[in-house]
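Asker:
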Amino acid sequence: MTTTTTTPPARREHGHQRRARIPDRRLRAPGGQARTGVLLVAPAFAFVVAFVLVPLGFAVYISLTNWPLIGRYRFIGLDNYRLLVEDPGFWHALGYTLVYTLVVTPLILLLGYLLAMLVRSRRPGTTLLRTAVFLPYVIGLTTLSFFALLELQPTSGVVNFLLDAVGLPGSTTNWLIETVPATAAICALVVWGASGLTMVLIMAAMQGVPSDVYEAAALDGATAWQREVRITMPLLRRTITLATMLSVIGSVLAFNQFFILTAGGPGTSTQTIVMWIYNKAFVELRVGAATAGSLVLVAIIALLSAVQYRLLRSDA
Numbered sequence: 000m001t002t003t004t005t006t007p008p009a010r011r012e013h014g015h016q017r018r019a020r021i022p023d024r025r026l027r028a029p030g031g032q033a034r035t036g037v038l039l040v041a042p043a044f045a046f047v048v049a050f051v052l053v054p055l056g057f058a059v060y061i062s063l064t065n066w067p068l069i070g071r072y073r074f075i076g077l078d079n080y081r082l083l084v085e086d087p088g089f090w091h092a093l094g095y096t097l098v099y100t101l102v103v104t105p106l107i108l109l110l111g112y113l114l115a116m117l118v119r120s121r122r123p124g125t126t127l128l129r130t131a132v133f134l135p136y137v138i139g140l141t142t143l144s145f146f147a148l149l150e151l152q153p154t155s156g157v158v159n160f161l162l163d164a165v166g167l168p169g170s171t172t173n174w175l176i177e178t179v180p181a182t183a184a185i186c187a188l189v190v191w192g193a194s195g196l197t198m199v200l201i202m203a204a205m206q207g208v209p210s211d212v213y214e215a216a217a218l219d220g221a222t223a224w225q226r227e228v229r230i231t232m233p234l235l236r237r238t239i240t241l242a243t244m245l246s247v248i249g250s251v252l253a254f255n256q257f258f259i260l261t262a263g264g265p266g267t268s269t270q271t272i273v274m275w276i277y278n279k280a281f282v283e284l285r286v287g288a289a290t291a292g293s294l295v296l297v298a299i300i301a302l303l304s305a306v307q308y309r310l311l312r313s314d315a
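Numbering that gives the first Met the number 0 puts the first residue of the sequence shown at 0, with every later residue one more than the last.
(1) From the DSSP output, in three-state form, read off TYR308 for me.
(2) Mind checking whether the beta-carbon of VAL295 lies closer than 7 Å to any heavy atom of the ligand FAD?
(3) Can you grab the Cα-Cα spacing for the pair TYR277 / SER293, in whole Å?
(4) What does a CB cutoff of less than 7 Å around GLY111 pick up in its chain, not counting 5 residues either side in sequence?
(5) By the 10 Å Cβ neighbour count, where 16 or more other Cβ atoms means buried, how is ILE259 classified, buried or exposed?
(6) If you reduce the DSSP assignment to three classes, tell me which class PRO135 lands in.
(7) Among TYR72, VAL247, LEU188, which has the Cα closest to the Cα of THR104?
(8) Taking the alpha carbon of ASN65 as the point to measure from, which residue in GLY76, GLY56, LEU117, LEU55 has its own alpha carbon closest?
(9) Give every residue of the same chain whose Cβ lies closer than 7 Å to the Cβ of VAL40, excluding the five residues on either side of it in the sequence, and list them in chain order.
(10) May I have the straight-line CA-CA distance separating ARG236 from LEU311, to the nearest angstrom?
(11) How far does the alpha helix (DSSP H) with THR243 in it extend, from its first residue to its last?
(12) Considering only their Cβ atoms, is the gap separating ALA253 from TYR99 smaller than 8 Å?
(13) Label ALA28 either buried or exposed according to how many other C-beta atoms from any shown protein chain fall within 10 Å of its C-beta, with 16 as the threshold for buried.
(14) Would you kindly check if the distance between the Cβ of THR271 and the Cβ of PHE281 is under 8 Å?
(15) How about SER120 and ALA291: are their beta carbons less than 8 Å apart?
(16) Mind checking PHE89: buried by the 16 CB within 10 Å criterion, or exposed?
(17) What's the call for MET232, buried or exposed, on a 16-neighbour Cβ count within 10 Å?
(18) Between LEU140 and ASN255, which are expected to be in contact by the criterion C-beta below 8 Å, what is the C-beta distance as a whole number of angstroms?
(19) Run through DSSP, which three-state label would PHE74 get?
(20) Do you know how far the Cα of THR35 is from the Cα of ARG24?
(21) Go ahead and label TYR95 buried or exposed: buried means 16 or more other beta carbons lie within 10 angstroms of its beta carbon, across all protein chains shown.
(22) State the CB to CB distance for the pair LEU151 and LEU175, rounded to an integer number of angstroms; the pair is presumed to be in contact (CB under 8 Å).
(23) Out of curiosity, what's the CA-to-CA distance linking SER144 and ALA221?
(24) So what's ARG229 in DSSP terms, helix, strand or just coil?
(25) Do ASN79 and GLY287 come within 8 Å of each other at the CB atom, strictly closer than that value?
(26) Where do the N-terminal and C-terminal ends of the alpha helix (DSSP H) with VAL316 fall, by residue?
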């Protein structure tokens, strides 16, 4: 005769619950979560180390040497930075770049905002207008600069031809051999070429504002101008901050348009800071001094970006 021993239901249930809780404890273990987090972050961290931190550290080392483009080098400490402070060409290029940035950045932002207001609705023709405004940005500033180089010629360019057609003076102006006309032409070219990106960024943010907000403001008697200033602009603060920072960084790093149109001339009157760095490295073959200037430029861009973010950021 065989006897069958059965486990009481309470004990079976208790054992089942105990076995079921084991995986939960493993999933909730802090060590397991930490390892998973490290594994997920590791590729991005390796990328940053390989392509940001290591090159940056090597650049700092080069700036402390008399590194030529070709040949031997030796460690000279902070001499490159001392010579940088004493170089009037560096300060002129830096000052000219900052003035150029102060001129084009508000114009790009203003034109981009006005264009975004114009094309944010779904009226007939807005799609074509968006494409026409954004197309110069897609073409690229380098191509636009070569195009402008042809059209700004004094005897064969379309700019002087149009001036002559409407009877305005200066129809034979050589735009690219004097500092002020050359700078004005480059500023106009950059504003035309870069405002499309600002328009797209701001337009996308405008279309994300709920229509109910505008309807409620209109019922309260707010005019179109009041709705724009008191509703749209505050809600677009972060987008405006982003567009401004992109414009400032692009302006401080300006090189292609100046290199193509003026080559920094006449003399060095239209030489930007990036062009100064280029000449130091590849014309004078002083890579150490050029790298020191590059690191100073990185610090300036970081400072400008921090100030803009502090001034324009949303408190929300």
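Yeah, the Cβ is synthetic: ideal placement off N, Cα and C, and Gly gets one too.
All figures in this text were calculated on a predicted structure; none of them were measured in a lab.
Answerer: If we stick to the structure as given:
(1) helix
(2) Among the components of this structure there are no ligands whatsoever, and the ligand FAD is therefore not found.
(3) 10 Å
(4) SER194, THR197, MET198, ILE201, ALA242
(5) buried
(6) helix
(7) VAL247
(8) GLY76
(9) none
(10) 7 Å
(11) 236-251
(12) yes
(13) Any reading at ALA28 is ruled out, since the residue's pLDDT is 49, under 50, leaving its predicted position unreliable.
(14) no
(15) no
(16) buried
(17) exposed
(18) 6 Å
(19) strand
(20) Reliability of the predicted coordinates at ARG24 is poor, the pLDDT of 49 falling under 50, and the value obtained from them is presented with this limitation in mind. Going by the C-alpha atoms only, they are around 16 Å apart.
(21) buried
(22) 6 Å
(23) 44 Å
(24) helix
(25) yes
(26) The first residue shown for the chain is 0 and the last is 315, placing residue 316 beyond what the model contains.
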